[in-house]
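The numbering used here numbers the first residue of the sequence shown as 65 and each following residue consecutively.
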Amino acid sequence: MKEITMEFPGVKALDKVSIKVHESEILALLGENGAGKSTLMKVLAGVYQPSNGQIFINGVPVKIESPKHSQNLGISIIYQEFNLIPYMSIAENIFIGREPRKIKGVLNRKKINEETRRLLDKVGLKHLSPDSLISELSVAEQQLVEIAKALSFDSKIIIMDEPTAALNDEDTNKLLNIMRDLKQQGMGIIFITHRLEEVEAVADRISVLRDGQYIGSELIKNVTRDDMIKMMVGRELTDLFPEKVDATDEVALEVKNLNVPRTLYDINFTVHKGEIVGIAGLMGSGKTELSRALFGLYKNMKGTVKVYEKIVRTPREAIDAGIALVTDDRKQEGLVLGLSVYENLLLPAYRKISKFGILQKRKKDEIVNRWIKDLKIKVHDPKVEVKTLSGGNQQKVVLGKWLQMNPKVLILNEPTRGIDVGAKAEIYQIMKRFTEYGIAIILISSEMPELLGMSHRILVMNEGRITAELKDVEATQEKIFYYASGGGVNV
């Protein structure tokens, strides 16, 4: 891709960007959220037509007219959000719209299943049947089905946009091994990720974008992690995790004998004013279910959840008591994608800021401008749809939306998933600021460095139970993993 420029109304998303990928090479495309990585890949995938620049495949200039044309040229893109139909089978999803047929147009089911079986074997899903429904698969299995689908087009170039964002460590390692296998088969892979340890593990070369401009390319063996961060953010991030603020003795949240049938068992813990309590656990340990229970989302919940002596049984009571929940799925549960940044930031606050059911424009403008400034949300106009923002900026909108409610207890479920290192550092600073204000924070994360770097205490979960409580000075990755995988109970 040579000198690609892409302009949208009011913003130049890409400014003369050039990258290349070779056969049998994994190129890591790096940059902060909003740097232009996804836009560049959408140009290559035929979703956008560039304002300027040229694309060459095997040295031949091509004008990619559409996503279909891109696929015909041997380019496949696997987006962060899966493009799979949940209630159709794996085979139907892979060959939808191009099913092999017999004479007279009858579907050749035998051929579809044989071909699907071959593709599933290739991506390490031998245990699955081509007839399995997508809705029955884990997130990791769905990710691998997306790769199988890409391979079915006989692709020579595969673009993977944040393929590991929703995967645990074990599934991530499987996926990285499959990428190595595909590379051995002669494919060129463009890999977008914010996890620099993955870049070090599989990439041959990096190319870095910043603010829509090309910064440079380097062989992975010639750069350190600090070099990569400096190229991405234009400055050194010496301390990713800020110094912890001392919590007070005052109890902000008290959870006693919390039970949800077949989900959570005998949960007991407290969080103090100004304290960050981390929640660790493997996939399926009950971490997300705990966040939902604290927010009053289970009708069959037993036990008590108290915020400064106020009992919480429903989401409305949770909001009124001062609990804010930032979910792990910002697109499905955190934002209304069709609404503007302006409207999303105001959503939970309408009840508080309306006078006799009428909303004051001046008040609304003040709130929106405050959070855009405070959280450094990159948006040229708050009236644009929130779905046009980068992942990191969308996450900041979710944060701003809840912070406007002046929460006493802030539940953050995977707050930095799919977010670049620069935006992570900003969110960690924001969290520190809130603890200074006396907000109690529950941090649910699958990133060990984040839990260890930010938490005063860490609770470890396994199969819906708390199996350990570790103070920050005694917590290590090994200890957390031991208790998370069902090791002895630390009372």
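C-beta atoms are modelled at their ideal positions from N, C-alpha and C, and glycine is treated no differently. In this text the structure is predicted, and so the values were computed from the model without any measurement.
Residue range of the beta strand (DSSP E) that includes residue i
i	result
Val-390	387-390
Gly-367	366-371
Phe-255	252-256
Ala-316	315-324
Ala-344	340-345
Phe-217	No beta strand (DSSP E) contains Phe-217, which DSSP labels as neither H nor E.
Leu-104	Leu-104 -> not in any beta strand (DSSP E); alpha helix (DSSP H) instead, spanning 101-108.
Cα-Cα separation, residue i to residue j
i	j	result
Thr-346	Thr-327	This sequence places Leu at residue 346; Thr is not what is there. In a straight line, the C-alpha of Leu-346 is about 15 Å away from that of Thr-327.
Pro-194	Lys-186	13 Å
Leu-171	Val-75	47 Å
Leu-317	Lys-370	6 Å
Gly-100	Met-296	12 Å
Leu-235	Pro-325	A small fix is needed here, since residue 235 is Asp in this sequence, not Leu. For Asp-235 and Pro-325, the distance between alpha carbons rounds to 28 Å.
Ser-196	Ala-212	14 Å
Glu-96	Val-485	7 Å
Glu-210	Leu-148	8 Å
Ser-454	Ala-385	32 Å
Arg-426	Leu-410	13 Å
Val-203	Ile-279	33 Å
Lys-285	Ile-90	13 Å
Val-390	Ile-383	12 Å
Leu-476	Gln-396	16 Å
Lys-351	Ala-344	7 Å
Lys-247	Arg-377	52 Å
Leu-215	Leu-184	10 Å
Lys-190	Lys-320	44 Å
Tyr-547	Ile-530	9 Å
Ile-503	Gln-493	14 Å
Thr-480	Leu-399	16 Å
Lys-496	Leu-304	12 Å
Phe-217	Ala-109	13 Å
Lys-294	Glu-282	13 Å
Asn-554	Asp-233	Bear in mind that the predicted position of Asn-554 carries a pLDDT of just 44, short of 50, making it unreliable; the figure below should be weighed with that in mind. For Asn-554 and Asp-233, the distance between alpha carbons rounds to 24 Å.
Lys-238	Ile-119	32 Å
Leu-94	Gly-138	23 Å
Phe-498	Gly-550	33 Å
Ile-483	Lys-166	47 Å
Pro-306	Met-251	41 Å
Ala-229	Lys-168	44 Å
Ile-121	Ser-88	15 Å
Presumed contact (8 Å Cβ cut-off) between residue i and residue j, rounded CB distance
i	j	result
Ile-68	Pro-125	13 Å between Cβ atoms; not a contact.
Val-263	Ala-489	Going by Cβ atoms, the distance from Val-263 to Ala-489 rounds to 18 Å, so no, they are not a contact pair.
Val-461	Ile-441	6 Å
Ile-222	Asn-157	No, Ile-222 and Asn-157 are not in contact; Cβ-Cβ is about 17 Å, not under 8 Å.
Gly-298	Leu-78	The pair is not a contact, with the Cβ atoms about 17 Å apart (cut-off 8 Å).
Gly-98	Gly-456	7 Å
Ser-140	Ser-219	4 Å
Gln-459	Val-450	In fact, because the Cβ distance is near 11 Å, the residues do not count as touching under 8 Å.
Span of the alpha helix (DSSP H), counted from its first residue to its last, around residue i
i	result
Met-243	233-248
Thr-352	351-358
Pro-131	131-136
Thr-562	With the chain represented from 65 up to 555, any question about residue 562 goes unanswered, as that position is not in the structure.
Gly-455	455-467
Lys-437	425-438
Met-65	First-last for Met-65: undefined, no H or E at that position.
Leu-260	260-266
Glu-156	154-159
Asn-177	173-186
Residue i: CB within 7 Å of a non-hydrogen atom of the ligand NAD
i	result
Pro-194	You won't find the ligand NAD in this model; it holds no ligand whatsoever.
Nearest candidate by alpha-carbon position, reference residue i, set the options
i	options	result
Met-65	Pro-446, Ile-83 and Thr-228	Ile-83
Gly-528	Leu-409, Gly-348, Gly-138 and Lys-460	Gly-348
Trp-466	Tyr-406, Asp-330 and Ile-387	Ile-387
Pro-227	Glu-71, Thr-378, Arg-497 and Gln-207	Gln-207
Ala-539	Arg-521, Asp-268 and Ala-548	Arg-521
Tyr-143	Met-224, Arg-377, Pro-446 and Gly-551	Met-224
Arg-269	Val-85, Glu-407 and Leu-192	Val-85
Val-524	Met-292, Phe-333, Phe-498 and Trp-435	Phe-333
Asn-116	Met-70, Ile-494 and Asp-290	Met-70
Leu-403	Pro-446, Val-376, Leu-201 and Arg-380	Pro-446
Glu-205	Gln-248, Ile-154, Glu-179 and Glu-178	Ile-154
Asp-330	Leu-94, Phe-545, Gly-161 and Asn-526	Asn-526
Pro-131	Asn-122, Gly-123, Ile-119 and Tyr-112	Tyr-112
Pro-379	Arg-497, Asp-392 and Ser-355	Ser-355
Lys-80	Gly-456, Arg-274 and Asp-233	Arg-274
Ile-508	Leu-94, Asp-392 and Asp-291	Asp-392
Check: Touch check for the segment 247-257 and the segment 101-117: three-plus C-beta pairs under 8 Å?
Finding: Touching, yes, given that three or more Cβ pairs across the two stretches are closer than 8 Å.
Next item on the list: Determine contact between the segment 305-312 and the segment 331-339, defined as no fewer than three beta-carbon pairs at a distance below 8 Å.
Entry: In short, these stretches touch, since the Cβ pair count reaches three.
Next item on the list: Flag this pair as touching only if the segment 512-522 and the segment 352-369 have three or more C-beta atom pairs under 8 Å; answer yes or no.
Entry: Contact between the segment 512-522 and the segment 352-369 is absent, because fewer than three Cβ pairs lie under 8 Å.
Note to self: For the segment 452-472 against the segment 369-385, do three or more pairs of beta-carbon atoms, one drawn from each stretch, fall closer than 8 Å, so that the two count as touching?
What the structure shows: Output reads yes: the segment 369-385 touches the segment 452-472.
Notebook entry, point to check: Should the segment 239-249 be called in touch with the segment 429-447, which here means at least 3 C-beta pairs below 8 Å?
Noted result: These segments do not touch.
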